[in-house]
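Colleague: Provided herewith is a single structure, encoded as structure tokens, for subsequent inquiry.
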Amino acid sequence: MLRITKPDYDLIRWEAERSYPHECCGILLGSPHNHERLVTLTVPCKNARTDAPGNRYSIPPEQVIAALKLARSRSESIIGFYHSHPDHPAKCSRTDLEEAHWFDCSYVITSVEHGHATATQSYVLTGSEEEKRFQAEEIEVEAYRQPLRIAL
Ligand SMILES: [Zn+2]
Numbered sequence: 036m037l038r039i040t041k042p043d044y045d046l047i048r049w050e051a052e053r054s055y056p057h058e059c060c061g062i063l064l065g066s067p068h069n070h071e072r073l074v075t076l077t078v079p080c081k082n083a084r085t086d087a088p089g090n091r092y093s094i095p096p097e098q099v100i101a102a103l104k105l106a107r108s109r110s111e112s113i114i115g116f117y118h119s120h121p122d123h124p125a126k127c128s129r130t131d132l133e134e135a136h137w138f139d140c141s142y143v144i145t146s147v148e149h150g151h152a153t154a155t156q157s158y159v160l161t162g163s164e165e166e167k168r169f170q171a172e173e174i175e176v177e178a179y180r181q182p183l184r185i186a187l
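Here it is, written out as structure tokens:
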């Protein structure tokens, strides 16, 4: 399950609409928590696929590295990625699976129809590089989250 706050969820969907008719993409930071992934920060990225931005996306490696460093500085990790499907269903494509390499991470897809975000669906990448697959997972949108308290 992917747990995300309403503002982060809205940001992902807004990014999908804003980028239309191109695909948007970004990284989700947070912490894995008993088979749940808890999103604490959404990092919008640039779609580097200028050759086919309408149906492909690629996050520039330097932005992945920057997100990794940011996550580390927060004692967190990259727990997922998001992108959009302009005028296509929120289902992972063959290309999405081929280009996915982060196991146990969430891949969130938002469908945008005529510029309006419709379905948002999340998939976990499971298996290994030789035999991998996407497994649909539930998204729990939290209206409010208790602030994290750090014990000193
Ligand atoms: Zn896709």
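Per the numbering used here, the very first residue in the sequence shown carries number 36; after that it's consecutive.
Glycine included, every Cβ here is placed at the ideal spot set by N, Cα and C.
Going by DSSP, name the residue or residues bridged to Leu21.
Modeller: Missing from the structure shown is residue 21; the chain here goes from 36 to 187 and no further.
Colleague: Of the residues Leu46, Pro79, Ala178 and Thr161, which one's Cα is nearest the Cα of Ala101?
Modeller: Locating residue 101 in the sequence shown gives position 66, counting from the first residue. Among Leu46, Pro79, Ala178 and Thr161, the Cα nearest to that of Ala101 is on Pro79.
Colleague: Hey, His151 and Glu52 are a contact pair by Cβ (cut 8 Å); roughly how many whole angstroms apart?
Modeller: Taking the sequence shown and counting its residues from 1, one reaches residue 151 at position 116. Taking the sequence shown and counting its residues from 1, one reaches residue 52 at position 17. His151 to Glu52, Cβ: 7 Å. Contact.
Colleague: Grab me the residues of Gln98's own chain with a C-beta within less than 7 Å of its C-beta, minus the 5 sequence neighbours each way, in chain order.
Modeller: Taking the first residue of the sequence shown as 1, we reach residue 98 at position 63. Counting only Cβ-Cβ distances below 7 Å, and skipping sequence neighbours, we find Cys80 and Lys81.
Colleague: On a Cα-Cα basis, can you pick out the residue from Thr77, Glu133 and Glu58 that is closest to Glu166?
Modeller: By one-based count along the sequence shown, residue 166 stands at place 131. Looking at the Cα atoms, Glu133 is the closest of the given residues.
Colleague: Under 8 Å Cβ to Cβ from His123, same chain only, skipping five residues before and after it: list those, please.
Modeller: Position 88 of the sequence shown, counted from the start, is the residue given in the question as residue 123. Contacts found: Asn90 and Ser146.
Colleague: So Ser119 packs on Cys59, CB below 8 Å; how close in whole Å?
Modeller: Your numbering for residue 119 matches position 84 in the sequence shown. Your numbering for residue 59 matches position 24 in the sequence shown. Right, the Cβ-Cβ distance comes to about 5 Å (below 8 Å), so this counts as a contact.
Colleague: Tell me whether Arg48 sits in a helix, a strand or coil according to DSSP, three-state version.
Modeller: Within the sequence shown, the letter at position 13 stands for residue 48. Arg48 carries a helical assignment under DSSP once its states are collapsed to helix, strand and coil.
Colleague: Quick check on DSSP: helix, strand or coil for Pro96?
Modeller: The residue labelled residue 96 in the question sits at position 61 within the sequence shown. Three-state DSSP puts Pro96 in a helix.
Colleague: Let me make sure I understand the geometry here. Which of Phe169, Arg107 and Val159 has the alpha-carbon closest to that of Arg38?
Modeller: Walking along the sequence shown from the start, residue 38 turns up at place 3. Closest option to Arg38, Cα to Cα, is Val159.
Colleague: Just to confirm, does Tyr117 get its C-beta within under 8 Å of one of the non-hydrogen atoms of ligand 1?
Modeller: Mapped onto the sequence shown, residue 117 falls at position 82. No, the beta carbon of Tyr117 sits no closer than 8 Å to any heavy atom of ligand 1.
Colleague: Could you compute how far the alpha carbon of Ala178 sits from the alpha carbon of Glu50?
Modeller: Position 143 of the sequence shown holds residue 178. Position 15 of the sequence shown holds residue 50. Each residue's Cα considered, the two are about 19 Å apart.
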